[in-house]
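Peer 1: The structure's right below; bear with me while I get my questions together.
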Amino acid sequence: MALEAVALDLHPLQQTLFAQKGHGAATGTWLSSIPTGLPKRTSQARRWTCTVAKSNPPEGFSDAWTDSLLRMQQFGETVIGLPYHDGPECLIYRKDAL
1 MALEAVALDL HPLQQTLFAQ KGHGAATGTW LSSIPTGLPK RTSQARRWTC TVAKSNPPEG
61 FSDAWTDSLL RMQQFGETVI GLPYHDGPEC LIYRKDAL
């Protein structure tokens, strides 16, 4: 079995996963993975990211991102990662699964 990694923008991704007959998630042709970019939750990674975020925060931090983009990377006052963009956020769903 071979794995072919394909990066798609939002509209081609939706078309490929749900709209093409005989392709996509329903037939097992595609498996999607949405990486979050979170570093391993080791104390060293937490300490490094937290120190960098406090000493040299990105412009607009933390108001530059919505809570939904930040909450999975924050544990109390500790920040272990930052989103690489601020949106747009999207939800892809199958009508037949609702």
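So in the numbering used here, spot 68 of the sequence shown is number 68, and the numbers just go up one at a time.
Glycine included, every Cβ here is placed at the ideal spot set by N, Cα and C.
Source: prediction; values computed, not measured.
1) What do you get for Q73, buried or exposed, if any count of 16 or more other CB atoms within 10 angstroms of its CB means buried?
2) Mark V6 as exposed unless 16 or more other C-beta atoms lie within 10 angstroms of its C-beta, in which case mark it buried.
3) Between the beta-carbon of T16 and the beta-carbon of L10, is there less than 8 Å?
4) Verify the contact flag: A19, CB atom, against every heavy atom of the ligand PLP, threshold strictly below 7 Å.
5) Hey, out of T78, S68 and L82, whose CA is closest to E59's CA?
6) Under DSSP, the alpha helix (DSSP H) around D67 begins and ends at which residues?
7) DSSP three-state call for F61: helix, strand or coil?
Peer 2: Taking the definition as stated:
1) The residue labelled residue 73 in the question sits at position 73 within the sequence shown. Q73 comes out buried.
2) What you label residue 6 is simply residue 6 of the sequence shown in a count that begins at 1. With fewer than 16 Cβ atoms within 10 Å of its Cβ, V6 is classed as exposed.
3) As a position in the sequence shown, residue 16 is number 16, starting the count at 1. As a position in the sequence shown, residue 10 is number 10, starting the count at 1. Contact flag unset, no.
4) For the structure depicted, the ligand PLP is absent and the ligand set is empty, with no information on it obtainable.
5) Sequence index remark: in the sequence shown, residue 59 carries index 59 (1-based). It is L82 whose Cα lies nearest to the Cα of E59.
6) Here residue 67 is taken as the residue at index 67 of the sequence shown, counted from 1. That run of the alpha helix (DSSP H) goes D67 to L70.
7) Locating residue 61 in the sequence shown gives position 61, where the first residue counts as 1. Of the three classes helix, strand and coil, the one that applies to F61 here is coil, per DSSP.
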